[in-house]
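Residues 476 to 667 in my numbering are what the sequence shown spells out, letter by letter. Note that the Cβ used here is the ideal one computed from N, Cα and C, for glycine as well. These numbers come from a predicted model, not from an experiment. The next block holds one structure in the form of structure tokens; read it before the comments.
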Amino acid sequence: MKPTNKAHFLDRLESRVEQHIMEAVSHFQNLPEPVLLEPAKDGGWSIAQCLDHLNGYGDYYLPQIKKGLDNAKSYPFKSTFKSSWLGSYFTRMMEPETGKKKMKAFKNHIPSPHPDAYAVVATFIQQQEALLQYLKQAGRADLNKIRIPVSIAKFVKLNLGDVFQFLIAHNERHIRQAKRNIPEKVSNFQLS
Numbered sequence: 476m477k478p479t480n481k482a483h484f485l486d487r488l489e490s491r492v493e494q495h496i497m498e499a500v501s502h503f504q505n506l507p508e509p510v511l512l513e514p515a516k517d518g519g520w521s522i523a524q525c526l527d528h529l530n531g532y533g534d535y536y537l538p539q540i541k542k543g544l545d546n547a548k549s550y551p552f553k554s555t556f557k558s559s560w561l562g563s564y565f566t567r568m569m570e571p572e573t574g575k576k577k578m579k580a581f582k583n584h585i586p587s588p589h590p591d592a593y594a595v596v597a598t599f600i601q602q603q604e605a606l607l608q609y610l611k612q613a614g615r616a617d618l619n620k621i622r623i624p625v626s627i628a629k630f631v632k633l634n635l636g637d638v639f640q641f642l643i644a645h646n647e648r649h650i651r652q653a654k655r656n657i658p659e660k661v662s663n664f665q666l667s
């Protein structure tokens, strides 16, 4: 992978996270609980389960990112970022445009069958706001030097830039999945 300008790279990621926050607020935050909990027509996850799945990843990665950034003070400033082949591979698998293959969730990332829908949405928005703050902090860090263990195999570590890319692509994938579950007319949805 070729080195890229770190400021532009982080700006693009920040824009995506800002979009995810806007979508969560405008599409999910004010939906009735039955809509949030309704399973997908194909038997897949409900809106709340999609977001609960993402919250599980946030519960793992956000503290890891914070720890990496807190310990990054000893690294000199670097104005470029270079994705690793493994980080690029994981990100391509998650990006909705390039990762078309359906994947099974890992056991420790399967959402609850009956999550607290409103709490899940609120937690998702809070986590995205924290992620946005970490992206802003990352402008002063060397994204290549900070190493984060991946949640499914802690002995594998990705650089911070790759973790940001992967996490945000994964969020995009499941936000789109959740949005497909929104009925055309929420007011016509059977509230029971």
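Check your understanding: Opposite Phe-556 in the DSSP bridges: which residues?
Key -> Thr-479
Practice item. Express the C-alpha separation of His-502 and Gln-665 in angstroms, rounding to a whole number. Key: With a pLDDT of 45 at Gln-665, under the threshold of 50, the modelled position of this residue cannot be trusted; read the value that follows with caution. Going from the Cα of Gln-665 to the Cα of His-502 covers about 18 Å.
**Study point:** Asp-486 versus Gln-612 - alpha carbon distance
**Key:** 12 Å
Check your understanding: Just how far apart, CA to CA, sit Val-625 and His-645?
Key -> 13 Å
**Study point:** Whole-number beta carbon distance between Val-638 and Asp-527, since they are thought to touch under 8 Å
**Key:** With 8 Å as the limit, Asp-527 and Val-638 do not qualify as a contact, their Cβ atoms being about 21 Å apart.
Exercise for review: Work out the CA separation of Pro-509 and Arg-567 for me, nearest whole Å.
Suggested key: 34 Å
Check your understanding: Are any of the Cβ atoms in chain C nearer than 8 Å to that of Ala-628?
Key -> Here chain C cannot be found, since the structure has a single protein chain.
Check your understanding: Asn-634 bridges to which residues according to DSSP?
Key -> Arg-622
Review point. Using a Cβ-Cβ cut-off of 6 Å (strictly less than) and excluding sequence neighbours within five positions of Gly-636, which residues of its own chain qualify?
Key: Phe-556 and Leu-618
Review point. Whose C-beta lies closer than 6 Å to the C-beta of Ile-621 among residues of the same chain, with five residues either side of it excluded?
Key: Gly-543, Ala-547 and Leu-635
Review point. With respect to the alpha helix (DSSP H) encompassing Leu-511, which residues constitute its N-terminal and C-terminal limits?
Key: 508-512
Review point. If you draw a straight line from the C-alpha of Gly-518 to the C-alpha of Ser-559, how long is it?
Key: 36 Å
Exercise for review: Identify the continuous alpha helix (DSSP H) that holds Ile-540 and give its terminal residues.
Suggested key: 522-545
Practice item. Identify which residue in Arg-655, Ala-523 and Gln-504 has its Cα closest to the Cα of Ser-587. Key: Ala-523
Exercise for review: Report the rounded CA-to-CA distance for Glu-659 versus Ala-597, giving the unit in angstroms.
Suggested key: 23 Å
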